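K.L.:
The structure follows.
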Amino acid sequence: IWSAVGLSLALVIGADQFWALLAGARRMDQHFRSAPLDENMPVLLALLSIWYNNFFGAESQAILPYDNRLDRFPAYLQQLQMESNGKSVRRDGSKVGASTGAIIWGEPGSNAQHSFYQLLHQGTRFVPADFIVPVNSSGGSQAQQDLAIANCLAQSEALMDGHENPDEPQRRHPGNRPSNTIMMRRLSPNTLGQLIALYEHKVFVEGVIWGINSFDQFGVELGKKLANTLTDPVSTGTDSVSQNPSTQGLLERVKSLR
């Protein structure tokens with residue numbers, strides 16, 4: 365959205381809001397460029413992600429915004445991080461010796477608490493989480509946002525501290541489950557720009573540490589190329605040039621279901 369593609373967004377939200385979005389992104393750019401490493405948010409997020417991924421075996425990360433206007437933000441980060449760093453070859457052509465590109469998933473906290481938080485708290489999988497929460501409401505009910513903040517902080521505490529129950533083991537929460545809590549004054553075009561840029565720079569830092577190119581996407585391109593060869597066989601029933609027996613069998617199944 366920082367390129368010419370952002371024109372469509374600017375037309376929808378208006379120039380003032382779009383400039384505010386860009387200003388927020390620029391602010392995070394400047395922070396990333398100038399802040400010392402021990403205070404640099406993108407660097408710290410990247411190091412934590414690599415720490416959990418490569419040293420604790422975490423295969424995924426949950427993104428949990430406590431504002432329903434960010435309901436698609438986990439999906440945005442899913443594309444950003446998995447497409448950028450889902451690589452197995454370094455820039456120099458050698459094989460990557462560590463796990464890269466964690467699986468990114470999530471939902472707004474109000475929905476997630478009643479769907480998959482059970483797994484986060486008591487499951488057998490190690491899933492670090494990022495909580496994202498605005499402190500002030502942006503035009504809605506502040507009481508409702510206060511409730512969201514309380515739930516966010518409660519979930520963070522429960523993941524960290526857990527809960528012992530010797531008499532009923534099934535009620536035990538082991539705790540020691542890591543999370544980050546990212547707070548902002550309120551959700552606005554400016555803070556959204558900062559948030560997007562924060563994760564973009566995080567992904568870049570991860571790529572540098574792993575020695576991979578975060579800016580190519582050959583895994584996506586191969587599928588598109590193969591799809592072009594299968595369009596006519598699917599739509600007209602003509603023979604496919606594919607020599608893959610599974611694909612041939614599936615094409616035959618498509619024909620039989622017409």
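The end of the sequence shown is residue 622 by this note's numbering, with every number in the run present. Every residue, glycine too, gets a C-beta built ideally from N, C-alpha and C. Source: prediction; values computed, not measured.
When you compare the CB positions of D393 and A561, do they come within less than 8 Å of one another, or not?
P.N.:
yes
K.L.:
Quick check on this structure: which residue in V497, I546, D402 and L401 has the alpha carbon closest to the alpha carbon of S474?
P.N.:
Closest option to S474, Cα to Cα, is V497.
K.L.:
On the three-state DSSP scale, how would you describe R489?
P.N.:
The answer is coil: DSSP assigns R489 none of H, G, I, E or B.
K.L.:
In chain order, what are the residue ranges of uninterrupted alpha helix (DSSP H) at least 4 long that sit wholly in the region 485 to 557?
P.N.:
506 to 525
K.L.:
Taking 6 Å as the limit between beta carbons, can you name the residues of its chain near D494, skipping five residues before and five after?
P.N.:
I427 and N544
K.L.:
Assuming Q381 is part of the alpha helix (DSSP H), what are its boundary residues?
P.N.:
Counting along the chain, the unbroken alpha helix (DSSP H) around Q381 starts and ends at A379 to S398.
K.L.:
Report buried or exposed for L483, applying the criterion of at least 16 other Cβ atoms within 10 angstroms of its Cβ.
P.N.:
exposed
K.L.:
Taking the straight line between their C-alpha atoms, what separation do you get for I627 and G378?
P.N.:
Missing from the structure shown is residue 627; the chain here goes from 365 to 622 and no further.
K.L.:
Taking its Cβ as the centre, do 16 or more other Cβ atoms sit within 10 Å of A422, making it buried, or is it exposed?
P.N.:
buried
K.L.:
Which of the three DSSP states is assigned to L621 in this structure?
P.N.:
coil
K.L.:
What residue range is occupied by the uninterrupted beta strand (DSSP E) comprising L434?
P.N.:
Taken as a continuous stretch (DSSP letters only), L434 belongs to no beta strand (DSSP E), as it is neither H nor E.
K.L.:
Look at the alpha carbon of V491 and the alpha carbon of W415, and state the distance between them as a whole number of angstroms.
P.N.:
12 Å
K.L.:
Taking one C-beta from the region 443 to 454 and one from the region 564 to 583 each time, how about it: are there three or more such pairs within less than 8 Å?
P.N.:
yes
K.L.:
Put A466 into one of helix, strand or coil per three-state DSSP.
P.N.:
coil
K.L.:
How many Å lie between H478 and S458 at the Cα?
P.N.:
44 Å
K.L.:
At what residues does the alpha helix (DSSP H) containing F582 begin and finish?
P.N.:
F582 to T600
K.L.:
Could you check what DSSP says for I427 in three-state terms: helix, strand or coil?
P.N.:
strand
K.L.:
Given a threshold of 16 other Cβ atoms within 10 Å of its Cβ, counted over all protein chains shown, does P429 qualify as buried or as exposed?
P.N.:
buried
K.L.:
If you drop the 5 nearest sequence neighbours on each side, which residues of the same chain put their C-beta closer than 8 Å to that of N418?
P.N.:
Once the five neighbours on either side are set aside, the close Cβ partners of N418 are A462 and S463.
K.L.:
Please classify N432 as buried or exposed, where buried requires at least 16 other C-beta atoms within 10 Å of its C-beta.
P.N.:
The residue in question, N432, is exposed, as its Cβ has fewer than 16 Cβ neighbours within 10 Å.
K.L.:
Using the beta-carbon count (16 or more within 10 Å), is S610 buried or exposed?
P.N.:
By the neighbour-count rule (16 or more Cβ atoms within 10 Å), S610 is not buried but exposed.
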